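First comes the structure, then the notes that go with it.
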Amino acid sequence: MSPPVVEVRDLRTHLVTRWGTVKAVDGVSFAVDEAETLGLVGESGSGKSMTCLSLVRLVPRPAARILGGQVLLDGEDLLTKTEREMQKVRGRRIAMILQDPMSSLNPVFSIGMQMREPVSAYHGLRGRALAARAAALLAAVRIPAPAERLRAFPHQLSGGMRQRVVGAMAIAAPPRLLIADEPTTSLDLTIQAQYLALLKELQRQHRFALIFVTHNLGIVAKMCDRVAVMYAGRIVEMGPVRRIFTRPTHPYSRALLESIPRLGARVERLIAIEGQPPDLARLPGACAFAPRCPHVMDRCRAEAPPERTVEAGHVTRCWLETPSS
Amino acid sequence: MLRFIGARLLQSLIALAIISVVVFVLARTTGDPLYLILPMSATPEDFANARQYLGLDRPYVEQYLSFVGRAVTGDFGMSLRARRPVSELIRERLPNSLKLAAFAMGISLAMAFPLGVMAAVKKGTGIDRAAQVISVLGQSLPTFWVAILLVEFVAGRLQWLPAGGIEGFSSYVLPGFTLGWFVVAGLMRLLRSGMLEVLDSECVKLARVKGVVERRVIWLHALKNALIPVVTFAGIYFAILVTTAIVVETVFAWPGLGRLAYEGISSRDFPVIQAVVLTTAAIVAVVNLCVDCLYAFIDPRIRYAR
Amino acid sequence: MPAEPGALALPDVVASAVPAARGRRLPVFSLGIIGLFMLVAILAPLLSPADPFEQSLRNRFKPPAWEEGGSWKFPLGTDRLGRDMLSRIIWGSRVSLAAGVLTVLLASAFGASVGLAAGYYGGRVDAALMRITDATMSFPVILLALILAVTVGPSFTNVVVAIAVILWARYARVIRGQVLTLMQLDFVAQARIVGAGAWRIITRHLLPNTLNTLVVLVTLQIGYVIIVEASLSFLGAGIPPPTPAWGSMIAEGREFVTSAWWVSLFPGLAILLVVLAFNLLGDWLRDTFDPKLRQL
Chain X
1 MSPPVVEVRD
11 LRTHLVTRWG
21 TVKAVDGVSF
31 AVDEAETLGL
41 VGESGSGKSM
51 TCLSLVRLVP
61 RPAARILGGQ
71 VLLDGEDLLT
81 KTEREMQKVR
91 GRRIAMILQD
101 PMSSLNPVFS
111 IGMQMREPVS
121 AYHGLRGRAL
131 AARAAALLAA
141 VRIPAPAERL
151 RAFPHQLSGG
161 MRQRVVGAMA
171 IAAPPRLLIA
181 DEPTTSLDLT
191 IQAQYLALLK
201 ELQRQHRFAL
211 IFVTHNLGIV
221 AKMCDRVAVM
231 YAGRIVEMGP
241 VRRIFTRPTH
251 PYSRALLESI
261 PRLGARVERL
271 IAIEGQPPDL
281 ARLPGACAFA
291 PRCPHVMDRC
301 RAEAPPERTV
311 EAGHVTRCWL
321 ETPSS
Chain D
326 MLRFIGARLL
336 QSLIALAIIS
346 VVVFVLARTT
356 GDPLYLILPM
366 SATPEDFANA
376 RQYLGLDRPY
386 VEQYLSFVGR
396 AVTGDFGMSL
406 RARRPVSELI
416 RERLPNSLKL
426 AAFAMGISLA
436 MAFPLGVMAA
446 VKKGTGIDRA
456 AQVISVLGQS
466 LPTFWVAILL
476 VEFVAGRLQW
486 LPAGGIEGFS
496 SYVLPGFTLG
506 WFVVAGLMRL
516 LRSGMLEVLD
526 SECVKLARVK
536 GVVERRVIWL
546 HALKNALIPV
556 VTFAGIYFAI
566 LVTTAIVVET
576 VFAWPGLGRL
586 AYEGISSRDF
596 PVIQAVVLTT
606 AAIVAVVNLC
616 VDCLYAFIDP
626 RIRYAR
Chain S
632 MPAEPGALAL
642 PDVVASAVPA
652 ARGRRLPVFS
662 LGIIGLFMLV
672 AILAPLLSPA
682 DPFEQSLRNR
692 FKPPAWEEGG
702 SWKFPLGTDR
712 LGRDMLSRII
722 WGSRVSLAAG
732 VLTVLLASAF
742 GASVGLAAGY
752 YGGRVDAALM
762 RITDATMSFP
772 VILLALILAV
782 TVGPSFTNVV
792 VAIAVILWAR
802 YARVIRGQVL
812 TLMQLDFVAQ
822 ARIVGAGAWR
832 IITRHLLPNT
842 LNTLVVLVTL
852 QIGYVIIVEA
862 SLSFLGAGIP
872 PPTPAWGSMI
882 AEGREFVTSA
892 WWVSLFPGLA
902 ILLVVLAFNL
912 LGDWLRDTFD
922 PKLRQL
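In the order they appear, the protein sequences are chains X, D and S.
Numbering of the first sequence is given in this note's numbering, commencing with residue 1 and proceeding in unit increments.
Numbering of the second sequence is given in this note's numbering, commencing with residue 326 and proceeding in unit increments.
Numbering of the third sequence is given in this note's numbering, commencing with residue 632 and proceeding in unit increments.
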């Protein structure tokens with residue numbers, strides 16, 4: 001079995017805010033193999049985006065700092081690299097797709113310029129070869145008339161097309177790991193499906209590891225092989241998608257799945273998770289979900305549960321041995 | 326794009342027209358210039374003759390129209406005091422004012438850009454604080470006071486630079502700095518805040534994620550976005566430069582448009598007053614037009630908007 | 632009549648502003664300086680150690696108290712005509728502050744009205760008003776004031792009028808921009824549906840939302856006006872002598888900068904302090920209420 005493309009061990013990132021120090025990423029560990037897709041789900045503020053930014057070491061300074069842990073990309077620890085070395089890693093070995101393509105593409109530069117810049121940097125191409133390669137990348141993401149599109153500006157394209165352009169930039173190298181941070185959230189529903197299919201196809205072709213951040217469990221079911229559920233900066237449950245969806249062990253995962261309304265079923269009330277999202281500046285030392293957990297025990301409030309293997313490839317952070325289903 | 330320029334041009338012309346009317350009216354209400362021109366012993370008959378000769382007895386509307394008619398061809402009439410064509414006076418003085426304004430603008434830009442960008446990039450450090458101090462001071466110092474002190478110390482006591490007049494490059498320095506100081510302060514602060522905002526934006530994040538070198542991220546990706554309000558204000562500041570030059574020109578004895586205006590106003594020389602105000606307004610209008618075009622050039626969203 | 636949703640009364644506006652300000656360090660320096668000068672201006676007759684108009688050729692050009700030849704009778708020295716500098720500076724604050732505040736109030740009231748109207752009515756009204764605004768903005772302030780000074784004679788009123796007549800255009804532009812943005816939001820449409828008329832929409836919906844901007848702009852402009860007034864007095868087109876005005880005091884001391892440096896220096900410092908205080912305050916207000924206004 002080949003080693004995983006990316007392996008994260010006990011990653012910790014803290015954020016200093018007006019209200020105190022927030023443990024945005026609090027001991028996160030996971031691994032993703034080649035051509036494998038890991039879904040990262042959770043509410044806003046659970047630490048999904050910060051985790052991704054920590055992987056590429058682009059956390060917003062000076063407020064945020066990566067405190068410890070390891071991020072191994074093909075065996076090399078990225079956290080020990082210099083900034084100059086990281087600039088060589090970004091885009092080439094790890095690529096990222098951000099959420100809103102209207103704001104992630106630079107409005108004052110043409111698509112062509114924004115495509116040529118990375119391609120020229122990664123492959124050293126110039127002139128006609130460069131333009132051809134840029135056009136080819138646009139074609140690979142199924143943008144019609146790619147050569148003309150190079151001259152266009154971001155505001156002249158539709159949302160779906162812009163996100164494809166961002167996708168084209170992401171596969172320019174091609175990378176070993178692609179991080180997609182809610183790439184379809186700002187797209188129309190009809191376009192979303194197309195985009196997801198495109199991503200899957202590109203993954204089949206280039207065999208990169210894919211980390212897919214989303215709060216939409218439907219997308220997880222469609223796109224991901226494994227899923228990690230995050231809460232208050234920690235991964236509370238992680239395992240194969242099918243397993244987690246049918247037999248979740250952590251109360252939070254269960255609550256998330258239960259709260260999805262099912263078509264056709266007559267429902268008296270929508271099931272929501274009780275309580276409020278945690279105040280990340282003031283987390284209890286124990287299980288962060290305790291205040292909202294329907295199965296909370298005294299132990300949960302006193303001691304934070306460690307990661308426990310339920311089955312091969314399935315871990316959870318909960319004191320419950322066998323939660324009632 | 327052409328339509329854009331055309332529309333702006335029209336707007337400028339309308340503005341100029343309004344200004345010309347206002348100036349005309351004001352100049353005419355200043356009281357009789359003849360009292361200043363004719364000698365004490367002048368008789369009422371002399372007054373009548375002078376009035377007729379200078380065309381001051383015709384109805385206002387007619388005077389205005391003939392004024393406009395000739396102004397368009399560059400003829401602003403004769404200076405009542407100097408007995409020379411006003412256009413000649415303007416042709417002598419205008420280049421001096423423009424040169425000074427350009428110099429001041431040049432050094433302002435040269436100083437504001439690096440300071441403003443570095444203040445944003447190194448936010449919170451010494452450079453940033455120094456820049457903020459310069460900025461706030463620059464907009465709080467009264468120009469003429471600084472001018473006087475500079476003349477006294479730099480030109481007077483230290484004798485490093487000339488105190489006035491136009492004698493080669495060194496005489497540009499003091500008045501140029503005095504004029505430009507205010508602009509540096511304003512532009513620098515604009516750049517700083519613009520850069521701060523852009524540096525936090527998603528598109529800069531993506532550029533970094535793509536692996537673009539940080540220096541390029543700052544000076545190309547970020548700066549071009551932060552440039553837009555700066556360009557707009559550069560135009561406004563240039564206009565301010567031209568209009569506040571009057572004070573600096575007075576202190577430094579600079580033979581420019583400002584001094585001409587001052588002299589013209591003191592001697593109630595209508596044609597000169599009118600001509601100077603119109604010229605100033607025209608310069609401002611042209612600069613604004615250029616700024617708008619530059620604006621469209623930088624920001625493709627404006628260029629391609631219908 | 633019950634207020635439609637979104638209508639704001641003045642107490643609401645103030646109340647919504649306070650939380651924004653809470654937790655921010657107050658600009659003590661600015662408020663202190665401004666307060667000090669306001670007090671000085673109002674209490675000038677009581678605070679001033681001497682009569683600012685009293686000439687005494689015997690006491691000409693006395694240096695400040697701490698210099699050789701100075702005395703504490705004239706703490707900041709005397710000018711060309713033997714008048715006490717400190718008293719003149721104290722009295723000069725009346726002129727500058729009054730000019731600054733009055734002019735800005737006038738200009739902002741008029742300008743904001745124009746801006747509100749232009750933004751609300753749009754179309755041809757907007758276009759016409761903006762043409763006039765643009766024309767006004769490109770008119771050189773100092774030249775106009777000079778012309779007025781020469782035609783009607785220099786006076787306090789002329790200074791205020793001359794500056795206000797051009798300054799309002801700035802307010803009109805900025806407020807109009809704000810109103811245009813506000814008009815995109817739903818609450819104006821809502822108010823119309825409920826049947827609110829133009830006046831009501833403008834005063835109860837649009838105006839309160841532009842107050843933040845107005846306050847910031849007003850504060851920042853006071854400093855500018857004070858400098859313009861001083862420039863005019865310096866050129867002889869502002870407040871006529873013998874009324875003490877900082878600008879004309881600097882002009883008087885111009886020829887003697889080498890020997891009697893205090894005559895020009897202290898009035899200039901006064902201007903610097905006051906304008907600095909207003910600018911800092913304006914910055915603080917802007918950062919508190921509407922950081923997007925950084926262009927001002």
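Virtual Cβ for every residue (Gly too), placed ideally from N, Cα, C.
Given the structure is predicted, the values throughout are model-derived calculations rather than measurements.
Over what stretch of residues does the beta strand (DSSP E) that includes residue i continue unbroken?
i: X:R9; result: 6-17
i: X:R162; result: It is not in any beta strand (DSSP E) - X:R162 instead sits in the alpha helix (DSSP H) that spans 159-170.
i: S:G700; result: It is not in any beta strand (DSSP E) - S:G700 carries neither H nor E in the DSSP assignment.
i: X:T21; result: 20-32
i: X:R65; result: 64-73
i: X:V41; result: 37-41
In terms of residues, what are the limits of the alpha helix (DSSP H) holding residue i?
i: S:D619; result: Residue numbering for chain S in the displayed model covers 632 to 927; residue 619 of chain S lies beyond these limits and cannot be assessed.
i: X:Q87; result: 83-89
i: X:L137; result: 127-140
Identify the contact partners of residue i in chain D, using a Cβ-Cβ distance below 7 Å as the criterion.
i: S:V781; result: T355, I590, S591, R593
i: X:V56; result: V534
i: X:V108; result: K549, N550, I623, D624, P625
i: X:M169; result: K535
i: S:D765; result: Q336, A340
i: S:R885; result: I473
Let's test the definition: count the other Cβ atoms within 10 Å of the Cβ of residue i and tell me whether it reaches 16, buried, or not, exposed.
i: D:L335; result: exposed
i: D:Y562; result: buried
i: X:I111; result: buried
i: X:M297; result: exposed
i: D:Y497; result: buried
i: S:A908; result: buried
i: S:L677; result: exposed
i: X:S325; result: Below a pLDDT of 50, predicted positions are generally treated as unreliable, and X:S325, at 43, falls in that range; the measurement from the model is reported next regardless. With fewer than 16 other Cβ atoms within 10 Å, it is exposed.
i: D:S422; result: buried
i: X:R128; result: exposed
i: X:V8; result: buried
i: D:V386; result: exposed
Determine which residues share a DSSP beta bridge with residue i and list them.
i: X:L177; result: X:I94, X:A209
i: S:D715; result: S:T709
i: X:P240; result: X:R226
i: X:R308; result: X:T316
i: X:F153; result: According to DSSP, which records beta bridges pairwise, X:F153 is partnered with nothing at all.
i: D:Y639; result: Since the first residue of chain D shown is 326 and the last is 631, residue 639 of chain D is not available in this structure.
i: X:R234; result: X:Y231
i: D:M513; result: Bridge partners of D:M513: none, in fact.
i: X:T214; result: X:V41
i: D:M403; result: D:P410
i: X:E76; result: X:L73
In chain D, which residues lie less than 8 Å from residue i when you measure between Cβ atoms?
i: X:P118; result: K535, G536, V537
i: X:G91; result: V534, K535, G536, V537
Which whole-angstrom value describes the C-beta separation of residue i and residue j, a residue pair presumed to lie in contact below a C-beta threshold of 8 Å?
i: D:L341; j: D:A621; result: That belief does not hold up - the Cβ atoms of D:L341 and D:A621 are roughly 22 Å apart, past 8 Å.
i: D:V572; j: D:T468; result: 6 Å
i: D:G560; j: D:E574; result: Rounded, the Cβ-Cβ distance is 21 Å, inconsistent with contact.
i: D:I330; j: D:A600; result: Not really, about 26 Å apart at Cβ, beyond 8 Å.
What does residue i touch in chain S if you count any residue whose Cβ is under 8 Å from its own?
i: D:G331; result: Per Cβ cutoff of 8 Å: no residues; D:G331 is ~16 Å from chain S at best.
i: D:I415; result: In chain order: nothing, as chain S lies at least about 14 Å away.
So which residues of chain X does residue i contact, with C-beta pairs closer than 7 Å?
i: D:E527; result: L98, D100, S103, S104
Using the beta-carbon of each residue, which ones in chain X are nearer than 8 Å to residue i?
i: D:K530; result: L58, L98, S104
Starting from the beta carbon of residue i, find every residue of chain D whose beta carbon is closer than 9 Å, and list them in chain order.
i: S:S895; result: W470, I473, L474, E477
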